[in-house]
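For what it's worth, this note's numbering labels the leading residue of the sequence shown as 29, then goes sequentially. All remarks here apply to the structure that follows.
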Amino acid sequence: MQAKWSPGTRLPARDAVAAVIDELPVLPGGRYSVALGLEADAPDVSATLSFALLCADEYGWLQLHRRSDADDEVLLVDPDQANGTRRVTHLDILEPIDE
(Lines of atoms letter the chains of each structure in order from A and count residues from 1; the text may use other names and numbers.)
(Lines give C-alpha, C1' and ligand atoms only; values in the text may rest on other atoms or scores of the structure.)
Protein backbone atom coordinates (compact mmCIF):
# COMPACT_ATOMS: atom_id res chain seq x y z
CA MET A 1 0.00 0.00 0.00
CA GLN A 2 2.86 2.35 0.75
CA ALA A 3 4.19 1.87 -2.78
CA LYS A 4 0.82 2.94 -4.19
CA TRP A 5 -0.04 5.80 -1.78
CA SER A 6 2.27 8.22 -0.02
CA PRO A 7 2.26 8.59 3.77
CA GLY A 8 -0.42 10.97 4.98
CA THR A 9 -2.91 9.92 2.32
CA ARG A 10 -6.49 9.45 3.56
CA LEU A 11 -8.66 7.14 1.47
CA PRO A 12 -12.27 6.05 1.61
CA ALA A 13 -12.12 2.43 2.77
CA ARG A 14 -14.15 1.11 -0.17
CA ASP A 15 -11.78 2.77 -2.67
CA ALA A 16 -8.72 1.38 -0.88
CA VAL A 17 -10.18 -2.14 -0.78
CA ALA A 18 -11.09 -1.97 -4.49
CA ALA A 19 -7.56 -0.78 -5.37
CA VAL A 20 -5.91 -3.58 -3.37
CA ILE A 21 -8.16 -6.21 -4.96
CA ASP A 22 -7.35 -4.77 -8.39
CA GLU A 23 -3.60 -5.00 -7.64
CA LEU A 24 -3.92 -8.52 -6.14
CA PRO A 25 -6.59 -10.21 -8.28
CA VAL A 26 -6.10 -13.58 -6.56
CA LEU A 27 -7.79 -12.22 -3.42
CA PRO A 28 -11.44 -13.17 -2.94
CA GLY A 29 -13.49 -10.81 -5.10
CA GLY A 30 -10.56 -10.21 -7.47
CA ARG A 31 -10.58 -10.90 -11.20
CA TYR A 32 -8.97 -14.34 -10.93
CA SER A 33 -11.13 -15.63 -8.12
CA VAL A 34 -14.27 -14.38 -9.88
CA ALA A 35 -13.15 -15.99 -13.17
CA LEU A 36 -12.66 -19.27 -11.31
CA GLY A 37 -16.15 -19.02 -9.84
CA LEU A 38 -14.94 -18.87 -6.25
CA GLU A 39 -17.54 -17.56 -3.84
CA ALA A 40 -16.75 -14.64 -1.55
CA ASP A 41 -16.21 -15.68 2.07
CA ALA A 42 -17.60 -12.46 3.57
CA PRO A 43 -20.40 -10.04 2.69
CA ASP A 44 -18.07 -7.07 2.15
CA VAL A 45 -14.28 -7.54 2.62
CA SER A 46 -12.84 -11.06 2.54
CA ALA A 47 -11.39 -12.59 5.68
CA THR A 48 -7.98 -12.65 3.96
CA LEU A 49 -7.91 -8.95 3.12
CA SER A 50 -9.54 -8.07 6.46
CA PHE A 51 -6.73 -9.86 8.30
CA ALA A 52 -4.09 -8.04 6.24
CA LEU A 53 -5.68 -4.64 6.90
CA LEU A 54 -6.08 -5.33 10.62
CA CYS A 55 -2.42 -6.41 10.84
CA ALA A 56 -1.30 -3.29 8.96
CA ASP A 57 -3.27 -1.20 11.46
CA GLU A 58 -1.74 -3.05 14.40
CA TYR A 59 1.80 -2.69 13.01
CA GLY A 60 1.32 1.04 12.39
CA TRP A 61 1.50 0.99 8.59
CA LEU A 62 -1.97 2.45 8.33
CA GLN A 63 -4.84 3.52 10.57
CA LEU A 64 -8.40 2.32 10.16
CA HIS A 65 -11.13 4.84 11.01
CA ARG A 66 -14.88 4.90 11.41
CA ARG A 67 -16.18 8.42 10.93
CA SER A 68 -19.78 9.02 11.93
CA ASP A 69 -20.34 11.52 9.10
CA ALA A 70 -19.07 9.21 6.34
CA ASP A 71 -21.34 8.30 3.45
CA ASP A 72 -20.02 4.76 3.04
CA GLU A 73 -18.33 2.02 5.05
CA VAL A 74 -16.98 -1.49 4.61
CA LEU A 75 -17.26 -4.43 6.98
CA LEU A 76 -14.01 -6.15 7.87
CA VAL A 77 -14.03 -9.64 9.33
CA ASP A 78 -12.71 -9.11 12.87
CA PRO A 79 -12.87 -12.07 15.25
CA ASP A 80 -11.91 -9.79 18.17
CA GLN A 81 -15.24 -7.96 17.92
CA ALA A 82 -18.35 -9.34 19.61
CA ASN A 83 -20.30 -9.45 16.33
CA GLY A 84 -17.29 -10.63 14.28
CA THR A 85 -17.08 -7.51 12.11
CA ARG A 86 -15.53 -4.06 12.22
CA ARG A 87 -16.95 -1.09 10.33
CA VAL A 88 -14.37 1.10 8.61
CA THR A 89 -15.01 4.26 6.60
CA HIS A 90 -11.51 5.60 5.93
CA LEU A 91 -7.90 4.65 6.26
CA ASP A 92 -4.78 6.76 6.60
CA ILE A 93 -1.47 5.63 5.14
CA LEU A 94 1.30 6.12 7.71
CA GLU A 95 5.09 6.26 7.51
CA PRO A 96 6.81 2.90 7.12
CA ILE A 97 8.15 1.54 10.38
CA ASP A 98 11.42 -0.39 10.39
CA GLU A 99 11.61 -3.15 12.98
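Note that beta-carbon positions come from the ideal geometry of N, C-alpha and C, so glycine has one too.
query = If A41 sits next to L119, beta carbons under 8 angstroms apart, how far is it from one beta carbon to the other, in whole angstroms?
reply = Walking along the sequence shown from the start, residue 41 turns up at place 13. Walking along the sequence shown from the start, residue 119 turns up at place 91. Right, the Cβ-Cβ distance comes to about 6 angstroms (below 8 angstroms), so this counts as a contact.
query = Helix or strand or just coil, what does DSSP make of T117?
reply = Looking up residue 117 in the sequence shown gives position 89. Reduced to three states, the DSSP call for T117 is coil.
request  = Give the single residue among E67, G65 and K32 whose Cα lies nearest to the Cα of D50.
outcome  = On the sequence shown, residue 50 is found 22 positions in, with the first residue counted as 1. Among E67, G65 and K32, the Cα nearest to that of D50 is on K32.
ask   = The beta strand (DSSP E) with R38 in it runs from where to where?
value = Counting from 1 along the sequence shown, the entry for residue 38 is found at position 10. Per DSSP, R38 belongs to the beta strand (DSSP E) from R38 to P40.
ask   = With a cut-off of 8 angstroms, do at least 3 Cβ pairs link the stretch 56 to 69 to the stretch 84 to 104?
value = no
query = Looking at the structure shown, is V48 part of a helix, part of a strand, or coil, going by DSSP?
reply = Indexing the sequence shown from 1 puts residue 48 at position 20. DSSP places V48 in helix when its eight states are reduced to three.
query = Beta carbon of L104, beta carbon of S74: below 7 angstroms?
reply = Here the question's residue 104 lines up with position 76 in the sequence shown. Here the question's residue 74 lines up with position 46 in the sequence shown. No, Cβ-Cβ distance for L104 and S74 is not below 7 angstroms.
request  = Go ahead and label R59 buried or exposed: buried means 16 or more other beta carbons lie within 10 angstroms of its beta carbon, across all protein chains shown.
outcome  = If you number the sequence shown from 1, residue 59 lands on position 31. Burial call: exposed.
query = So what does V54 bridge to, in DSSP terms?
reply = Taking the first residue of the sequence shown as 1, we reach residue 54 at position 26. According to DSSP, which records beta bridges pairwise, V54 is partnered with nothing at all.
task = Leaving aside the five residues before and after D100 along the sequence, list all residues of the same chain whose C-beta is less than 8 angstroms from its C-beta, in chain order.
result = As a working note, residue 100 is residue 72 in the sequence shown. Hits under 8 angstroms: P40, A41, R42 and T117.
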